[in-house]
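In UniProt numbering, the protein residues as written are 1 to 98.
Note that CB positions come from ideal geometry on N, CA and C, so glycine has one too.
For reference, the structure is listed below as structure tokens.
See below:
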């Protein structure tokens, strides 16, 4: 399980999960044009290869990603792979909490 917070980023770029994902919303709520409204406590299941549009987080949102091996592939407007992101990359981007 990986705990991710939007405080480390403000926008989720166009992407697709490299493997299926199970996500729990731990903090806050919001609206996603492809998923509709989500709230604290919601469970979201994504299938491998699902394509997601960009999403700006208007409030800090915390999620737990239940995958043992988190990997996301960022894509361009035509759906072509640009680069992959995994847990080590996210950990390097995270801002330490005092």
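Asked                                                                            : Found
Nearest to residue 19 (by Cα), restricted to the options 71, 42 and 27           : 71
Backbone secondary structure at residue 24 - three-state DSSP                    : strand
Neighbour-count burial assignment, residue 188, 16 or more Cβ in a 10 Å radius   : Any answer about residue 188 is impossible in this case: the structure gives the chain only from 1 up to 98.
Identity of the residue in 13, 45, 37 and 30 nearest residue 24 by Cα            : 45
Residue(s) in a DSSP beta bridge with residue 71                                 : 86
Minimum C-alpha distance to residue 32 - residue among 26, 21, 54 and 17         : 54
Residue range of the unbroken beta strand (DSSP E) whose run includes residue 32 : 30 to 32
Sub-9 Å separation of residue 15 and residue 85 beta-carbons                     : yes
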